[in-house]
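Q: One structure, as structure tokens, below. Some questions next.
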Amino acid sequence: MRKLYLVRHGESEWNILKKVQGQKDVNLTKKGEQQAEKIANRLYNENIDIIYSSDLKRAFETAKKIGHKLKLDVNPDKSFREINFGIWEGISTKELSDNYSEEHLLWMKEPHKLKLEGAETLEELQNRTIKGVNRISKLNPNKNILIVSHSAAIKTIILGLLDMDISYYSKMSLNNVSLSIIEFRDYNNVLKLFNDTCHLREEK
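Its first residue numbered 1, the sequence shown is counted upward by one per residue in UniProt numbering.
Here is the structure:
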């Protein structure tokens, strides 16, 4: 039974500052690096065959920590970058509320309907991520694949592989270095694990 492992990157500098990251290249914090080591330990016995990652630093550095532990190279892939947030990238959530109140409310309630200047829509993001998944699946038949990516990107992958409407996006939330697993079975794709962070429990 083939599995797809999906890991969100560790805590980044802009996660702390509550800024919209999108495709801006932001570093991990020290805590984020420690989180990456913990998810690496968690994945050690999972029989992962190959690792792909967004090429953005916060995801790629997380993936490299995992790759070092698993003794696997990391394959950077732009298909798994975060959504391009256009004019929102680099501004704080408070600025969003103050200056883009209607658009921000739409993003929170019905994000699949948002069309923002210079940004990807959720549908465009999903087309990109699912194409990437299909491509690497064909390249690696019968292998367990890990993708290290970003919150929005991972959510669109999960919804796409489960044949769920993109409108369910707003009903999902992913923490830093959370683990989600999809099993590819003969009759269906099955979500076996979602947003699991048991490897971080000692932090609480």
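Every residue gets a Cβ at the ideal spot worked out from N, C-alpha and C, and that includes glycine.
Exposed or buried, residue 182, counting other C-beta atoms within 10 Å across all chains shown (16 or more means buried)?
A: Flag for residue 182 reads buried.
Q: Nearest to residue 121 by CA position, among 82, 136, 33 and 139, is which residue?
A: Measuring from the Cα of residue 121, the nearest candidate turns out to be 82.
Q: Do you know how far the Cα of residue 11 is from the Cα of residue 186?
A: Spanning the two alpha carbons is a distance of roughly 36 Å.
Q: Check for me: the alpha helix (DSSP H) holding residue 101 runs from which residue to which?
A: Per DSSP, residue 101 belongs to the alpha helix (DSSP H) from 101 to 109.
Q: Leaving aside the five residues before and after residue 35 along the sequence, list all residues of the same chain whose C-beta is less than 7 Å from its C-beta, in chain order.
A: These residues qualify, in order along the chain: 10, 11, 176, 177 and 200.
Q: Please name the residue, chosen from 99, 69 and 170, that lies closest to residue 49 on a Cα-to-Cα basis.
A: Answer by Cα proximity: 69.
Q: Buried or exposed, going by whether 16 or more other CB atoms sit within 10 Å of the CB of residue 213?
A: A question about residue 213 goes unanswered here, because the residues of the chain that appear run from 1 up to 204.
Q: Less than 8 Å between the CB atoms is what I'm expecting for residue 148 and residue 66, so what's the real figure, rounded?
A: Indeed they touch by this definition, with Cβ atoms about 7 Å apart.
Q: Would you kindly report the start and end of the unbroken alpha helix (DSSP H) that includes residue 15?
A: Here the alpha helix (DSSP H) through residue 15 covers 13 to 17.
Q: Quick one: grab the DSSP three-state call for residue 204.
A: Any reading at residue 204 must be qualified, since the residue scores a pLDDT of 46, below 50, and its modelled position is unreliable; no value is offered.
Q: Suppose you measure from the CA of residue 133 to the CA of residue 31; what does that come to, to the nearest Å?
A: Their Cα atoms are separated by approximately 29 Å.
Q: What residue range does the alpha helix (DSSP H) around residue 51 cover?
A: Not the alpha helix (DSSP H): residue 51 falls in the beta strand (DSSP E), residues 50 to 53.
Q: Grab me the residues of residue 58's own chain with a C-beta within less than 6 Å of its C-beta, minus the 5 sequence neighbours each way, in chain order.
A: Counting only Cβ-Cβ distances below 6 Å, and skipping sequence neighbours, we find 9, 12, 26 and 28.
Q: Taking all protein chains shown into account, do 16 or more other C-beta atoms lie within 10 angstroms of the C-beta of residue 62, making it buried, or fewer, making it exposed?
A: Buried is the call here.
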